[in-house]
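Step one of this worksheet: look at the structure below.
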Amino acid sequence: METFTYYPGCTLRTKAKDLDVYARKSAEALGIALVEPENWQCCGGTYTTATNEVATKLSAVRTLMAAKDSNGLVTVCSACHNVIKQTNYDISKNEAMANKVKRYLDLEEAYKGETTVYHYLELLRDVVGFDKLKEKVVNPFKGKKIAAYYGCLLLRPSKALAMDDPENPSIMEDFIKAIGGTPVIYAQRNECCGGYITLEDKAQAAKRSSAVMDSAQSMGADMIITACPLCLYNLKKNSGSDMPVYYFTELLAEALGLKEDNNE
Amino acid sequence: MQRIGVFVCHCGTNIAATVDVKAVAEALGHEAGVVISQDYQYMCSESGQDLVKNAIKEHNLTGVVVCSCSPRMHENTFRKAAASAGLNPYLVEIANIREQCSWIHKDIASATDKAIVLGKAAVAKVHLNAPLTAGESPVVKRALVIGGGIAGIQTALDIAEAGFEVDIVEKEPTIGGKMAQIDKTFPTLDCAACILTPKMVEAAQNEKITIHSFSEVADVKGFVGNFTVTIKKKARFVDETKCTGCGLCTEKCPMKKVPNEFNMGLDNRTAVYIPFAQAVPKVATIDPNYCLMLKNGKCGVCSKVCTAGAIDYKQTDKMIEQKYGAIVVATGFNPIKPDKYDEFAYSYCPDVVTSLELERLMNAAGPNGGTLLRPSDKTHPHTIVFVQCVGSRCDDEKGKPYCSKICCMYTAKHAMLIREKYPDTEVYVFYIDVRTPGKNFDEFYRRAVEQYNVHYIKGMVGKVTPKADGKIDVQASDLLANEQLHINADMVVLATAIEPDKTARPLATMLTTQMDTNDFFTEAHPKLRPVESATAGIFLSGACQGPKDIPETVAQASAAAAKAIGLLCKNSITCNPCVAHSDELMCNGCSACEKVCPYGAITYQDKEFRMPDRSTAIRRVASVNPAVCQGCGACTVACPSGAMDLNGFSNSQIMAEVDAICK
Numbered sequence: 054m055e056t057f058t059y060y061p062g063c064t065l066r067t068k069a070k071d072l073d074v075y076a077r078k079s080a081e082a083l084g085i086a087l088v089e090p091e092n093w094q095c096c097g098g099t100y101t102t103a104t105n106e107v108a109t110k111l112s113a114v115r116t117l118m119a120a121k122d123s124n125g126l127v128t129v130c131s132a133c134h135n136v137i138k139q140t141n142y143d144i145s146k147n148e149a150m151a152n153k154v155k156r157y158l159d160l161e162e163a164y165k166g167e168t169t170v171y172h173y174l175e176l177l178r179d180v181v182g183f184d185k186l187k188e189k190v191v192n193p194f195k196g197k198k199i200a201a202y203y204g205c206l207l208l209r210p211s212k213a214l215a216m217d218d219p220e221n222p223s224i225m226e227d228f229i230k231a232i233g234g235t236p237v238i239y240a241q242r243n244e245c246c247g248g249y250i251t252l253e254d255k256a257q258a259a260k261r262s263s264a265v266m267d268s269a270q271s272m273g274a275d276m277i278i279t280a281c282p283l284c285l286y287n288l289k290k291n292s293g294s295d296m297p298v299y300y301f302t303e304l305l306a307e308a309l310g311l312k313e314d315n316n317e
Numbered sequence: 004m005q006r007i008g009v010f011v012c013h014c015g016t017n018i019a020a021t022v023d024v025k026a027v028a029e030a031l032g033h034e035a036g037v038v039i040s041q042d043y044q045y046m047c048s049e050s051g052q053d054l055v056k057n058a059i060k061e062h063n064l065t066g067v068v069v070c071s072c073s074p075r076m077h078e079n080t081f082r083k084a085a086a087s088a089g090l091n092p093y094l095v096e097i098a099n100i101r102e103q104c105s106w107i108h109k110d111i112a113s114a115t116d117k118a119i120v121l122g123k124a125a126v127a128k129v130h131l132n133a134p135l136t137a138g139e140s141p142v143v144k145r146a147l148v149i150g151g152g153i154a155g156i157q158t159a160l161d162i163a164e165a166g167f168e169v170d171i172v173e174k175e176p177t178i179g180g181k182m183a184q185i186d187k188t189f190p191t192l193d194c195a196a197c198i199l200t201p202k203m204v205e206a207a208q209n210e211k212i213t214i215h216s217f218s219e220v221a222d223v224k225g226f227v228g229n230f231t232v233t234i235k236k237k238a239r240f241v242d243e244t245k246c247t248g249c250g251l252c253t254e255k256c257p258m259k260k261v262p263n264e265f266n267m268g269l270d271n272r273t274a275v276y277i278p279f280a281q282a283v284p285k286v287a288t289i290d291p292n293y294c295l296m297l298k299n300g301k302c303g304v305c306s307k308v309c310t311a312g313a314i315d316y317k318q319t320d321k322m323i324e325q326k327y328g329a330i331v332v333a334t335g336f337n338p339i340k341p342d343k344y345d346e347f348a349y350s351y352c353p354d355v356v357t358s359l360e361l362e363r364l365m366n367a368a369g370p371n372g373g374t375l376l377r378p379s380d381k382t383h384p385h386t387i388v389f390v391q392c393v394g395s396r397c398d399d400e401k402g403k404p405y406c407s408k409i410c411c412m413y414t415a416k417h418a419m420l421i422r423e424k425y426p427d428t429e430v431y432v433f434y435i436d437v438r439t440p441g442k443n444f445d446e447f448y449r450r451a452v453e454q455y456n457v458h459y460i461k462g463m464v465g466k467v468t469p470k471a472d473g474k475i476d477v478q479a480s481d482l483l484a485n486e487q488l489h490i491n492a493d494m495v496v497l498a499t500a501i502e503p504d505k506t507a508r509p510l511a512t513m514l515t516t517q518m519d520t521n522d523f524f525t526e527a528h529p530k531l532r533p534v535e536s537a538t539a540g541i542f543l544s545g546a547c548q549g550p551k552d553i554p555e556t557v558a559q560a561s562a563a564a565a566k567a568i569g570l571l572c573k574n575s576i577t578c579n580p581c582v583a584h585s586d587e588l589m590c591n592g593c594s595a596c597e598k599v600c601p602y603g604a605i606t607y608q609d610k611e612f613r614m615p616d617r618s619t620a621i622r623r624v625a626s627v628n629p630a631v632c633q634g635c636g637a638c639t640v641a642c643p644s645g646a647m648d649l650n651g652f653s654n655s656q657i658m659a660e661v662d663a664i665c666k
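Line by line, the protein sequences are chains A and B.
Residue numbers for the first sequence follow the numbering used here, beginning at 54 and rising by one.
Residue numbers for the second sequence follow the numbering used here, beginning at 4 and rising by one.
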């Protein structure tokens, strides 16, 4: 069994428990041990607007350092992934920043981006392999038309995240194929859901998220999947659409026969 | 005793504004061996050259140092002046105090100091210069044109017209290139095929022109006037000499589902095919990726129906070797694939097409016989949106930084043709700028706007959303009205950037020519030598050098031909005497120089040497072919024993320069 460091992040402990629980269960079934570091803290997602650039990196570097000696750091939440992987990229390219962070955190030696960061989807694609995953599926989503919703954060900026082509991605569609479903390609799959604007302008968030849902539904989707808790919230609460929205890990667990309640 | 003259140029204010030229002349006048040191406003002018010539005669000079611009500019000028005054031209040295000094410094004192040091280095070198004599090498009176598009065809026709043999190497089964795929040409709207195919036929029928279609350049050796080129004639499984082009095989071939590249994959062709009706040579080609006979040995229909007996399933690639005096590169361009711009939905929506695809959709020989229909459901489109600059003028890695130049004009052409033929169709064009410099070009674009009521909107398209009802939502900004627009369109046409053909880069390596970061061939001088490459004997024709429309391509093709003819007219050319030579007594035959020589100029031979004890020994030593050597100096650096040296740039001369600078 291969062991990876697993970083859930705050939302997966509160609002997005399904994203977390099924990610762990499925990993175990796929022969991957996910080990949570002790006393982990915020990914840094709440500091991104700080004016001090070093401050935006500190939290992510703590997490990255905790995984330095493991096979890699696995994240699930789109936002955590975005912040942590971007920080890793920035720090590997900027020695001055690495040294500043070293002094702030009072480290013995500077962290220079040694950890490999995987999004859970990358873990499935690059470590497990979608072919292998396909073999382990017991409840395939046969005949189900599933729309993959990437949102804005999962793949961008593409240079730092190096996960897939942000304009014409395939990783989630390949995942859908692996669990036996039929992927639906629609124009809005990599557009914004409205994000945090829901806090101050519900109408705008409704406009964005309904555009996503309508676009997917009009192309024949039965359901939509995402890796982002905020996307899920907007698509469910603001779009006005009744098409089901799931975390991709829920479908994964169901396909692997790990979800007790199959009717959800 | 050396008698050296130093001549310091002001270059107007180019040098004199930042370098105290009088102080430079004064300082260099005190150097050992310098008998005269002068400054002058324009040393390259006739009176400036006279100054040099008179000084050579008057002071009986043994060496000349000119402190001026880069030797690339005027080294030849001063060498010629010296020669006319009776001094060996290779006893002239240039100290570059313009590009490498005055232009890059601001402080007069330090720039002057640097100019003096550069002058001292040149004086130190000229002390060691030896007179050199340039040899001559014969010119093979035959030209090679690589690429058989309109550029290559025009160049070949012009060279043949001047009476020289010329070969065209074309990688596709037919010549014609991109122009053959185009429907109409701007700004006159005449049909591309009607003006291109007569030229293709003319090339085929010209006795002086040999067309190697379905062939590639595999290797290039030699140098200006004397290139040896290996051409790979790819197996087409049809005997070119027997095939009559009747097309019976293409009718009977059972494998009919091969994407037709000539129609941009919008319809299918058979496994044995002739790209289009007017192909030259009109000879069938079998596609081994699809032919059932070649793949699994079961079929043979084409062989049975061919009355000429031209089908040959056993044909293999053939290599032919030919000598040429001049090579013209005409490898052309391709539109980029817009798959990195999926905000335009190109990869999954069949009704989003590129402009070249639209050309085929509108062409009478295209997939719809010239009726413009949506690829998805074959219905007539009522609203068409054109998006300009897709991948052009891009500051990110996805696209090209340059303007592709031809898109504004062909989009105006498309818009106009559609409005002319289908007045019920609304046409929108989204642009950043409309760029229409060229004879009758802006008038043409204005006609599209004013006469044909094409809706030109300044602004970019942000998102193309194919909808379930088959319509396409185009979201864009109108920058002049400051509005967000949603256009309910039936088709979207992307004016994709153009890029050099993929074969250009490996070819540039074979030809030892330079390319820019976009893989366009670099001309020898951007203004004054636009059709020559920096490598002697290699000329550039058409879009391989930069984006160009047809009139410009043809103009450059003829210019390249003129340059090639100029070379072929000579019986021999003067060689560069600054070539490497090996000191056989020091050479230990290690092969280090041979390995680094990019021109294959170094060979080894076993020679008999008399040893100190009067015995004889056979030793392996390097020898340089001076006709092939280009004087790059790689071997002199690689040689571990110091046996290899370069005329005009000997190790001792370079060291003398370094010593003078460091003193």
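Beta carbons are placed, not taken as given, at the ideal position from N, Cα and C, and that holds for glycine.
All values reported here derive from a predicted model rather than from experimental measurement.
(message) Strictly under 7 Å for the Cβ-Cβ distance: is residue 342 of chain B near chain A by that measure?
(response) Chain A contact via Cβ: present.
(request) Take residue 287 of chain A and list the residues in its own chain whose beta-carbon comes closer than 8 Å to its own, dropping the five residues that flank it on each side. (result) So the qualifying residues of the chain are 246, 247, 248, 251, 258, 261, 262.
(request) Report the partner residues of residue 61 of chain B according to the DSSP bridge assignment. (result) For residue 61 of chain B, DSSP records no beta bridge to any residue.
(message) Taking only three categories from DSSP, how would you classify residue 315 of chain A?
(response) Residue placement at residue 315 of chain A is poorly supported in this model, since its pLDDT is 47, which falls under 50; the coordinates are not used for a value here.
(request) Compare the C-beta of residue 262 of chain A against all C-beta atoms of chain B and say whether one is closer than 7 Å. (result) It does not; no Cβ of chain B falls within 7 Å.
(message) What ranges does the alpha helix (DSSP H) occupy inside the region 422-501 of chain B, keeping only unbroken runs of at least 4 residues that lie completely in it?
(response) When DSSP assignments are scanned along the region 422-501 of chain B, the uninterrupted stretches of alpha helix (DSSP H) that are 4 or more residues long and fall wholly within it turn out to be 444-453.
(request) Report yes if the C-beta distance between residue 202 of chain B and residue 277 of chain B is below 7 Å; otherwise report no. (result) In terms of Cβ geometry, residue 202 of chain B and residue 277 of chain B do not form a close pair [threshold 7 Å].
(request) Give the range of the alpha helix (DSSP H) segment to which residue 199 of chain B is assigned. (result) If you look at residue 199 of chain B, you'll find it in the alpha helix (DSSP H) that goes 195-208.
(message) Tell me the rounded alpha-carbon separation between residue 379 of chain B and residue 353 of chain B.
(response) Cα to Cα, residue 379 of chain B sits roughly 6 Å from residue 353 of chain B.
(message) I'd like to know if residue 351 of chain B contacts chain A, where contact means its C-beta is closer than 7 Å to some C-beta of that chain.
(response) At least one chain A Cβ lies under 7 Å of residue 351 of chain B.
(message) When you compare the CB of residue 223 of chain A with every CB in chain B, is at least one pair closer than 7 Å?
(response) Output row for residue 223 of chain A: interface = no.
(request) Could you say which of A:116, A:302, A:294, A:77 lies nearest to residue 271 of chain A if we only look at CA atoms? (result) Comparing C-alpha distances from residue 271 of chain A to each of A:116, A:302, A:294, A:77 shows the shortest one belongs to A:294.
(message) In the DSSP assignment, the alpha helix (DSSP H) including residue 150 of chain A goes from what residue to what residue?
(response) Its alpha helix (DSSP H) spans residues 148-158.
(message) Within a Cβ cutoff of 8 Å, which residues of the same chain sit near residue 29 of chain B, ignoring the five residues on either side of it in sequence?
(response) These residues qualify, in order along the chain: 40.
(message) According to DSSP, is residue 162 of chain B part of a helix, a strand, or is it coil?
(response) DSSP places residue 162 of chain B within a helical segment (H, G or I) once states are collapsed to three.
(request) Could you tell me the boundaries of the beta strand (DSSP E) in which residue 319 of chain A lies? (result) Nothing about residue 319 of chain A can be reported from this structure: the residues present for chain A run from 54 to 317 only.
(request) With DSSP as the reference, label residue 647 of chain B as helix, strand or coil. (result) Residue state for residue 647 of chain B is assigned as strand, using DSSP reduced to three classes.
(request) Indicate, with yes or no, if the ligand COA has a heavy atom lying under 6 Å from the CB of residue 266 of chain A. (result) Although the ligand COA was asked about, the structure shown includes no ligands whatsoever.
(request) With DSSP as the reference, label residue 42 of chain B as helix, strand or coil. (result) Strand at residue 42 of chain B.
(request) Taking only beta carbons into account, state which residues of the region 485-496 of chain B come closer than 8 Å to chain A, listed in chain order. (result) Of all residues in the region 485-496 of chain B, none has a Cβ within less than 8 Å of some Cβ in chain A.
(request) Go through its chain and collect everything with a Cβ distance to residue 100 of chain A's Cβ below 6 Å, but skip five positions before and after it. (result) So the qualifying residues of the chain are 108, 109.
(request) Could you tell me whether the region 243-257 of chain B touches the region 341-360 of chain B, using the rule of 3 or more Cβ pairs below 8 Å? (result) A contact between stretches requires three or more CB pairs, one per stretch, nearer than 8 Å, and the region 243-257 of chain B fails this requirement with the region 341-360 of chain B.
(request) Scan the region 285-323 of chain B and note each continuous alpha helix (DSSP H) run of 4 residues or more that stays entirely inside, going in chain order. (result) Counting only runs of 4 or more, we get 295-299, 304-308.
(message) Against residue 467 of chain B, what residues of chain A qualify as contacts under a CB-to-CB distance less than 8 Å, listed in chain order?
(response) Neighbours of residue 467 of chain B on chain A, chain order: 240.
(request) For residue 348 of chain B, return the contacting residues in chain A, with the cut-off set at a CB-CB distance below 8 Å. (result) The answer, in chain order, is 240.
(request) Give the single residue among B:412, B:116, B:10 whose Cα lies nearest to the Cα of residue 71 of chain B. (result) Out of B:412, B:116, B:10, B:10 has the C-alpha closest to the C-alpha of residue 71 of chain B.
(message) Closest to residue 541 of chain B by C-alpha separation, out of B:556, B:524, B:549, B:168, would be which residue?
(response) The shortest Cα separation from residue 541 of chain B among B:556, B:524, B:549, B:168 belongs to B:524.
(message) I'd like to check one pair, residue 239 of chain A with residue 200 of chain A: are the Cβ atoms closer than 7 Å?
(response) Remark: C-beta atoms of residue 200 of chain A and residue 239 of chain A approach each other more closely than 7 Å.
(request) Round the Cβ separation of residue 166 of chain B and residue 334 of chain B to the nearest angstrom and send it over; I've been treating them as touching at under 8 Å. (result) Their Cβ separation, rounded to whole angstroms, is 26 Å, which puts residue 166 of chain B and residue 334 of chain B out of contact at 8 Å.
(message) Alpha carbons only, please: which of B:73, B:654, B:37 is nearest the one belonging to residue 58 of chain B?
(response) That would be B:37, whose Cα lies nearest to the Cα of residue 58 of chain B.
(request) Apply the 10 Å Cβ neighbour rule to residue 317 of chain A and answer buried if 16 or more other Cβ atoms are within range, or exposed otherwise. (result) Because residue 317 of chain A carries a pLDDT of 43, less than 50, the predicted location of this residue cannot be relied on, and no value is offered for it.
(request) Output the boundary residues of the alpha helix (DSSP H) element that contains residue 296 of chain A. (result) Taken as a continuous stretch (DSSP letters only), residue 296 of chain A belongs to no alpha helix (DSSP H), as it is neither H nor E.
(message) Against residue 220 of chain A, what residues of chain B qualify as contacts under a CB-to-CB distance less than 7 Å, listed in chain order?
(response) Within 7 Å Cβ-Cβ: 343, 344, 345, 346.
(request) List the whole-angstrom C-beta distance separating residue 602 of chain B from residue 559 of chain B, where the pair is believed to meet the contact cut-off of C-beta under 8 Å. (result) That belief does not hold up - the Cβ atoms of residue 602 of chain B and residue 559 of chain B are roughly 28 Å apart, past 8 Å.
(request) Using the DSSP secondary-structure output, state which residues sit across from residue 229 of chain B in a beta bridge. (result) B:226, per the DSSP bridge assignment.
(request) Look up residue 70 of chain B in the DSSP assignment and give the residues it is bridged to. (result) Answer is B:11, B:98.
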